[in-house]
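> Residue numbers (my numbering): 1045 to 1540.
Ideal Cβ positions, reconstructed from N, Cα and C, are used throughout, including at glycine.
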């Protein structure tokens, strides 16, 4: 079946479908406000006239291109193209400002490719086993894992622990706006009907990072509006053999984080890239350099968010449970062609499954070639004066925000969070903890409530689950360790 599946995609028509999918995905991923989810949603009806393999191959190619494409604007404009490229701005942006945009792009593209390849290996060889483990996760385990992820805030903020905690708490608070998914209680709606559905993730992300950056550049005046001179000469992928060896542990660790988080439904690359960045910073010998423009941060984020792709496909194909919004769209594509994902999929449609695996690998190679070939073209964006470029980006952000749900409230949301993000930048409040808190806030709340309902409001029953107990103890240890480092740093400064 594996050989037949591979041979089924080795034809010109399927290759062209994959090429188109990757290119369209990169375009959607690189433009702030347009995501791979939107690209897959728009192209889903087109697959109806195709064969099942061609149709699913196109959707998977869109997924690959869209996820990786977010690094282009994240590095060159310090504006994430997708939620999964938020943390790429932290070091990719400063590298571009320093004249190393070509190197940052090359490294990001290479590790996007390597992270995706590793996730394909996981998808092919360990999908059934991993999916069975993830299937056993209940509210206790999800609550504990997300709680542990929230403690990563301490690793993001450096010496600014208080401001980081305030930012994270604000993110969790904003995630609670609207009608509760369990119980139906209205929270913080202030009589505004549009707030009943709460704030959506995409407008919040665009506001905090895109609109806020544009407002900051505008407020900085003429000096910030001059065109940036960019040296885009880059040898190979911009990384030496020595650097490649030094980053091996960072790469493997970030890939495992991406695959692991990708498997968990409803979390995905938007969380994995921030968690991987935080862990890389915490484990680094020089954490103070993170955020100043080093390849360690770019490698961690781009490896993790792209390895989440294979992770998200594991529960989809083996259990019929989508790992994120894009795989939910791909599930629709499978259903459209009369294919029911689940344990019997490998037995009944083995050739199709291995054909999808082969298409996934081909799409990854095409992504590498297309993005690497376009590096010199991409960096020319910085030659455009910012007084022309940034208004154009703002328009694209607004159009993309509106196009997601065709709702003006989302546009106002992005502008509101743009103002919030601007004042956070001015007063040196980190934005990453707010995004992490916003993404995980509802997941933590829902699973906490479900767990308490199962245990008759006995929180200590959560510790009866070995997995939940391990992650909650790890969360407690993380808080203690972060506090210890903060106190130690304060005392060292005081005695210096």
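To the nearest angstrom, how far is the alpha carbon of residue 1080 from that of residue 1189?
In the chain shown, the residue the question calls residue 1080 occupies position 36. In the chain shown, the residue the question calls residue 1189 occupies position 145. Going by the C-alpha atoms only, they are around 26 Å apart.
> Per DSSP, what kind of secondary structure is residue 1223 in: helix, strand or coil?
For the purposes of this step, residue 1223 is taken as residue 179 along the chain shown, with counting starting at 1. Of the three classes helix, strand and coil, the one that applies to residue 1223 here is strand, per DSSP.
> I believe residue 1192 touches residue 1478 by the beta-carbon criterion, under 8 Å. Please report the beta-carbon distance rounded to the nearest angstrom.
For the purposes of this step, residue 1192 is identified with residue 148 of the chain shown, where counting begins at 1. For the purposes of this step, residue 1478 is identified with residue 434 of the chain shown, where counting begins at 1. That pair is no contact at about 18 Å.
> Looking only at its chain, what residues have a beta carbon closer than 7 Å to the beta carbon of residue 1148, apart from the 5 residues adjacent to it on each side?
Stepping through the chain shown from its first residue, residue 1148 is reached at position 104. These residues qualify, in order along the chain: 1119, 1136, 1139, 1140 and 1342.
> Report the residue from 1107, 1213, 1184 and 1121 whose alpha carbon sits nearest the alpha carbon of residue 1195.
For the purposes of this step, residue 1195 is taken as the residue at position 151 of the chain shown. That would be 1213, whose Cα lies nearest to the Cα of residue 1195.
> Pull up the DSSP beta-bridge partners for residue 1290, would you.
Numbered from its first residue, the chain shown carries residue 1290 at position 246. Its beta-bridge partners do not exist; DSSP assigns none.
> For the alpha helix (DSSP H) holding residue 1313, just list the boundary residues, first then last.
Stepping through the chain shown from its first residue, residue 1313 is reached at position 269. The continuous alpha helix (DSSP H) containing residue 1313 extends over residues 1313 to 1327.
> Tell me where the alpha helix (DSSP H) around residue 1084 begins and ends.
Looking up residue 1084 in the chain shown gives position 40. Where residue 1084 is concerned, the enclosing alpha helix (DSSP H) stretches over 1080 to 1087.
> Does the Cβ-Cβ distance between residue 1066 and residue 1370 come in under 8 Å?
Residue numbering aside, residue 1066 sits at position 22 when the chain shown is read from its first letter. Residue numbering aside, residue 1370 sits at position 326 when the chain shown is read from its first letter. No, they are not a contact pair.
> Who does residue 1297 pair with in a DSSP beta bridge?
In the chain shown, residue 1297 corresponds to position 253, counting from 1. Answer is none; residue 1297 lacks a bridge partner.
> Taking DSSP as the reference, what is the three-state secondary structure of residue 1230?
Locating residue 1230 in the chain shown gives position 186, counting from the first residue. Three-state DSSP puts residue 1230 in a strand.
> Let me know if residue 1325 comes out buried or exposed under the rule of 16 or more other beta-carbons within 10 Å of its beta-carbon.
For the purposes of this step, residue 1325 is taken as residue 281 along the chain shown, with counting starting at 1. Result: buried.
> Can you give me the C-alpha to C-alpha distance between residue 1232 and residue 1374, rounded to a whole angstrom?
Against the chain shown, residue 1232 aligns to sequence position 188. Against the chain shown, residue 1374 aligns to sequence position 330. Roughly 34 Å separates the two Cα atoms.
> In angstroms with no decimal places, state the Cα-to-Cα distance between residue 1068 and residue 1403.
On the chain shown, residue 1068 is found 24 positions in, with the first residue counted as 1. On the chain shown, residue 1403 is found 359 positions in, with the first residue counted as 1. Roughly 16 Å separates the two Cα atoms.
> Whose C-alpha, out of 1510, 1491 and 1537, is nearest the C-alpha of residue 1225?
Locating residue 1225 in the chain shown gives position 181, where the first residue counts as 1. Closest option to residue 1225, Cα to Cα, is 1491.
> Among residues of its own chain, excluding the 5 on either side of residue 1536, which ones have a beta-carbon nearer than 6 Å to its beta-carbon?
Position 492 of the chain shown holds residue 1536. Correct list: empty, nothing qualifies.
> Rounded to a whole number of angstroms, what is the C-alpha to C-alpha distance between residue 1220 and residue 1242?
As a working note, residue 1220 is residue 176 in the chain shown. As a working note, residue 1242 is residue 198 in the chain shown. One C-alpha to the other measures close to 7 Å.
> Indicate the three-state DSSP secondary structure (helix, strand or coil) for residue 1207 in the structure shown.
Your numbering for residue 1207 matches position 163 in the chain shown. Of the three classes helix, strand and coil, the one that applies to residue 1207 here is helix, per DSSP.
> Any idea what DSSP makes of residue 1124, helix, strand or coil?
Walking along the chain shown from the start, residue 1124 turns up at place 80. In the structure shown, residue 1124 sits in coil (DSSP, three-state: anything other than H, G, I, E or B).
> Hey, quick one: how far does the alpha helix (DSSP H) through residue 1452 stretch, first residue to last?
Within the chain shown, numbered from 1, the residue matching residue 1452 stands at position 408. Element bounds for residue 1452: 1452 to 1470.
> Helix, strand or coil, according to DSSP, for residue 1098 in the structure here?
Locating residue 1098 in the chain shown gives position 54, counting from the first residue. Residue 1098 falls in the helix class under three-state DSSP.
> Could you compute how far the alpha carbon of residue 1393 sits from the alpha carbon of residue 1089?
Start at 1 with the first residue of the chain shown, and residue 1393 comes out as number 349. Start at 1 with the first residue of the chain shown, and residue 1089 comes out as number 45. Cα to Cα, the separation comes out at about 22 Å.
> By DSSP, does residue 1381 sit in helix, in strand, or in coil?
As a first step, residue 1381 is located in the chain shown; it is residue number 337 there, counting from the start. Coil, per DSSP.
> When you compare the CB positions of residue 1111 and residue 1073, do they come within less than 8 Å of one another, or not?
Within the chain shown, numbered from 1, the residue matching residue 1111 stands at position 67. Within the chain shown, numbered from 1, the residue matching residue 1073 stands at position 29. Residue 1111 places its beta carbon less than 8 Å from that of residue 1073.
> By Cβ distance below 6 Å, which residues in the same chain neighbour residue 1048 in space, the five residues on each side in sequence not counted?
Here residue 1048 refers to the residue found at position 4 when the chain shown is read from its first residue. These residues qualify, in order along the chain: 1395.
> Near residue 1557, what residues of its chain come up, given a Cβ to Cβ distance below 7 Å and the 5 sequence neighbours on each side ignored?
Nothing in the structure corresponds to residue 1557, since the chain is present only between 1045 and 1540.
> Taking residue 1344 as the reference, give the member of 1300, 1353 and 1508 with the closest Cα.
Here the question's residue 1344 lines up with position 300 in the chain shown. Out of 1300, 1353 and 1508, 1300 has the C-alpha closest to the C-alpha of residue 1344.
> Whether or not the region 1492 to 1499 and the region 1147 to 1167 are in contact is what I'm after, with contact meaning three or more pairs of Cβ atoms, one per stretch, closer than 8 Å; do they touch?
The region 1147 to 1167, when compared against the region 1492 to 1499, does not touch it at the 8 Å Cβ threshold.
> Can the beta-carbon of residue 1465 be found less than 8 Å from the beta-carbon of residue 1252?
Here residue 1465 refers to the residue found at position 421 of the chain shown. Here residue 1252 refers to the residue found at position 208 of the chain shown. Contact: yes.
> Please report how far the alpha carbon of residue 1441 lies from the alpha carbon of residue 1503, in whole angstroms.
The residue labelled residue 1441 in the question sits at position 397 within the chain shown. The residue labelled residue 1503 in the question sits at position 459 within the chain shown. Straight-line Cα distance between these residues: approximately 43 Å.
> Report all residues from its chain with a CB closer than 6 Å to the CB of residue 1269; omit the five preceding and five following residues, and keep chain order.
The residue given as residue 1269 occupies position 225 in the chain shown. Model confidence at residue 1269 stands at a pLDDT of 45, short of 50, so the residue's coordinates are unreliable; what they give is reported in the following sentence. So the qualifying residues of the chain are 1430 and 1431.
> Take residue 1315 and list the residues in its own chain whose beta-carbon comes closer than 8 Å to its own, dropping the five residues that flank it on each side.
Residue numbering aside, residue 1315 sits at position 271 when the chain shown is read from its first letter. Cβ neighbours of residue 1315 beyond the five flanking positions: 1193, 1305, 1480, 1483 and 1484.
> Using 10 angstroms around the beta-carbon of residue 1293, count the other beta-carbons present and answer buried if the total reaches 16, otherwise exposed.
Taking the first residue of the chain shown as 1, we reach residue 1293 at position 249. Label assigned to residue 1293: exposed.
> Please classify residue 1056 as buried or exposed, where buried requires at least 16 neighbouring CB atoms within 10 angstroms.
Numbered from its first residue, the chain shown carries residue 1056 at position 12. So residue 1056 ends up on the exposed side.
> Suppose the cutoff is 6 Å on Cβ atoms and the five residues either side in sequence are ignored; what does the same chain contact list for residue 1215 look like?
As a working mapping, residue 1215 is identified with position 171 in the chain shown. Taken in chain order, the residues that qualify are 1478, 1481 and 1482.
> Measure the CB-CB distance between residue 1000 and residue 1339 and report whether it falls below 8 Å.
The first residue shown for the chain is 1045 and the last is 1540, placing residue 1000 beyond what the model contains.
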